[in-house]
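**Student:** Everything in the sequence shown is counted per our numbering, starting at 44 for the first residue and increasing by one.
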Amino acid sequence: MRNKTLLANAFHAPTPWSVECLTDALITVDADGDIADVIGPEHSSYAEKRAALSASGDLEVLPRSSYLLPGFVDCHVHAPQYPQLGNALDVPLEVWLQKYTFPLEARYADTAFARRAYSLLVQDMLANGITTALYFATIHQEATRLLVDICLEKGQRALVGKVAMDNAESCPDYYRDGSAAEAVEGTRALIDYVRSHPANRDNLVHPVVTPRFIPSCTDAALEELGALAKQCGCHVQTHCSESDWEHGYVLERHGMTDAESLDRFGLLGRRTMLAHSNLLTASDMELIHTRQAAVAHCPLSNGYFAGAVFPLRAALEKGLNVGLGTDISGGPSASMLENARAAILVSRMLETGVDPEKAADERASGKPARIDFRQAFHIATAGGAKALDLPVGRFEPGCKFDAIVIDTDAEKGTMRLFDEFDSGEAILQKIIFTASRANIADVYVSGRKVA
Ligand code: GUN
Ligand code: FE
């Protein structure tokens, strides 16, 4: 395969605070799917290069109504919960797990079922423009390996964890690792599987040490998983201070917060992703910042389980690594666009307060909390990529070409531009607020068209 160059209008947000509009950019992608070069009309060699590429037939020109965006990076997904998406959100987290979610996840002992559900999920996520996903799988070795195989086959960049959950006091007999040793050995086996997979030479898929959350793990498992993460240099993912019940459980059991406890077990490092983290204390934020760990903000899911809104703006102002997560199926949408909008909406509600019986000044939190489409776009792309320590999410040399083409003119799409009114950043704003799957025309991972 030779280099190919796209002539396109593109948006990206390398930092939370500004969006860059690349107009008529020449984006060159090499044979490995890496971005080799990005140049705009202001560049001295632009006209010459454009003419030469055009003459040789190596230039792919995007239609004027299409815009290139970095692919979405979903920083928190429960792959096995896809069959339950849009159901079962009538009870609190601790009931939801026992009543709906553990019984569903236990079904993945059946590999035929796993193959069907995981194939649909990965296909739908790619169609939604999710080019990278950080997945919780289940406790099962075979089904989790299948998820790895399916991501490799369909070409989705993915980070996959076999869920570790060995605590007999909180996990049912029918869905639990038999012991701490079993949880750890199963994790190690998956790491070996991913790293030696013959189809994974480009490291499209990474293994993840995945203690479900502190309540579902024994101290022995947490201790050994922390040691394993250090030894293998893997990513780590878990749930952190998600709800009052969960946060309170850890305070009672360990006499400290989730973040402090995870840190003592060696589970809080540069490649750790903490889902939710709604109830962090100021010193938890400090600790996460010092360790350069990251938070996966899951605004839709938090609406159902958290009873609180993650203070995204404060976290970004502090310089915390934050990505956006769908949290399928705690969040009832597999769309990162819907989650981006939810992040904006809940940030406004956090700032203004919501109780109509209070006067406006009493109702307000008194702290600036609102974010706008720029920050939402950032955490859905470059922010999530940085949080995961992956070279994606931006159109810059050295990054992988993971991208989506938004057709703003798609007949069955949900956005409409008006030349008289819409230009520059305002177009991205409309994309974030009104685009949907039908507007996602093409999806690329490492330069390969995957949807
Ligand atoms: N905490 C432990 N397990 C889960 C899960 O599957 N979803 C969410 N949202 N929180 C959890
Ligand atoms: Fe979750």
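We put the beta carbon where it would ideally sit given N, CA and C, even for glycine.
Which residues does DSSP pair with Met-316 in a beta bridge?
**Tutor:** By 1-based counting over the sequence shown, the position of residue 316 is 273. Looking at the DSSP assignment, Met-316 forms a beta bridge with Gln-280, Ala-337.
**Student:** Assuming Ala-207 contacts Arg-255 under a Cβ cut-off of 8 Å, what Cβ separation, rounded to an integer in Å, is found between them?
**Tutor:** The residue labelled residue 207 in the question sits at position 164 within the sequence shown. The residue labelled residue 255 in the question sits at position 212 within the sequence shown. With 8 Å as the limit, Ala-207 and Arg-255 qualify as a contact, their Cβ atoms being about 7 Å apart.
**Student:** Go ahead and pull the three-state DSSP assignment for Asn-482.
**Tutor:** Position 439 of the sequence shown, counted from the first residue, corresponds to residue 482. Note: Asn-482 maps to helix in three-state DSSP.
**Student:** Tell me, please, which residues DSSP counts as bridged to Ile-173.
**Tutor:** Start at 1 with the first residue of the sequence shown, and residue 173 comes out as number 130. BP columns for Ile-173 point to Phe-115.
**Student:** Nearest-angstrom Cα distance between Thr-369 and Tyr-89?
**Tutor:** Numbered from its first residue, the sequence shown carries residue 369 at position 326. Numbered from its first residue, the sequence shown carries residue 89 at position 46. One C-alpha to the other measures close to 39 Å.
**Student:** Determine the burial state of Lys-401: buried for a count of at least 16 other Cβ atoms within 10 Å of its Cβ, exposed for fewer.
**Tutor:** Position 358 of the sequence shown, counted from the start, is the residue given in the question as residue 401. Lys-401 comes out exposed.
**Student:** Does the pairing of the segment 464-471 with the segment 219-238 give three or more beta-carbon distances under 8 Å?
**Tutor:** no
**Student:** What are the uninterrupted segments assigned as alpha helix (DSSP H) that are 4 or more residues long and contained completely in the segment 362-415, given in chain order?
**Tutor:** 379-395, 403-406
**Student:** Check whether the Cβ of Asp-370 lies closer than 7 Å to any heavy atom of the ligand PLP, and answer yes or no.
**Tutor:** Because the ligand PLP does not appear in the structure shown, any question about it cannot be addressed here, the ligands present being the ligand GUN and the ligand FE.
**Student:** Counting C-beta neighbours from all protein chains within 10 Å, is the total for Lys-142 16 or more, i.e. buried, or is it exposed?
**Tutor:** To locate residue 142, count along the sequence shown from 1; it is residue 99. Label assigned to Lys-142: exposed.
**Student:** Give the secondary structure of Tyr-110 by DSSP, where H, G and I count as helix, E and B as strand, and everything else as coil.
**Tutor:** For the purposes of this step, residue 110 is taken as residue 67 along the sequence shown, with counting starting at 1. Strand, per DSSP.
**Student:** Can you determine whether any heavy atom of the ligand GUN sits closer than 7 Å to the C-beta of Arg-384, and answer yes or no?
**Tutor:** On the sequence shown, residue 384 is found 341 positions in, with the first residue counted as 1. No, since every heavy atom of the ligand GUN falls outside the 7 Å radius drawn around the Cβ of Arg-384.
**Student:** Run through DSSP, which three-state label would Pro-57 get?
**Tutor:** Here residue 57 refers to the residue found at position 14 when the sequence shown is read from its first residue. Strand at Pro-57.
**Student:** By Cβ distance, which residues of its chain are closer than 6 Å to Ser-489, with the 5 residues on each side in sequence left out?
**Tutor:** On the sequence shown, residue 489 is found 446 positions in, with the first residue counted as 1. The answer, listed in chain order, is Gly-76, Lys-443.
**Student:** Measuring alpha carbon to alpha carbon, tell me which of Thr-154, Ala-131, Ala-155, Arg-158 ends up nearest Phe-145.
**Tutor:** Along the sequence shown, one-based indexing puts residue 145 at 102. Ranking Thr-154, Ala-131, Ala-155, Arg-158 by Cα distance to Phe-145 puts Ala-131 first.
**Student:** Taking Gln-124 as the reference, give the member of Thr-154, Leu-111, Ala-180 with the closest Cα.
**Tutor:** For the purposes of this step, residue 124 is taken as the residue at position 81 of the sequence shown. For Gln-124, the nearest C-alpha among the options comes from Ala-180.
**Student:** Taking 8 Å as the threshold (C-beta atoms), are Leu-189 and Thr-230 in contact?
**Tutor:** Numbered from its first residue, the sequence shown carries residue 230 at position 187. Numbered from its first residue, the sequence shown carries residue 189 at position 146. Cβ distance not < 8 Å, so Thr-230 and Leu-189 don't count as in contact.
**Student:** Give me the Cα-Cα distance between Thr-300 and Leu-247, rounded to the nearest whole angstrom.
**Tutor:** Here residue 300 refers to the residue found at position 257 when the sequence shown is read from its first residue. Here residue 247 refers to the residue found at position 204 when the sequence shown is read from its first residue. For Thr-300 and Leu-247, the distance between alpha carbons rounds to 34 Å.
**Student:** Mind checking Ala-430: buried by the 16 CB within 10 Å criterion, or exposed?
**Tutor:** Taking the first residue of the sequence shown as position 1, residue 430 is located at position 387. Flag for Ala-430 reads buried.
**Student:** State yes or no: is the C-beta of His-282 nearer than 7 Å to some heavy atom of the ligand GUN?
**Tutor:** Taking the first residue of the sequence shown as 1, we reach residue 282 at position 239. True, at least one ligand heavy atom lies under 7 Å from that Cβ.
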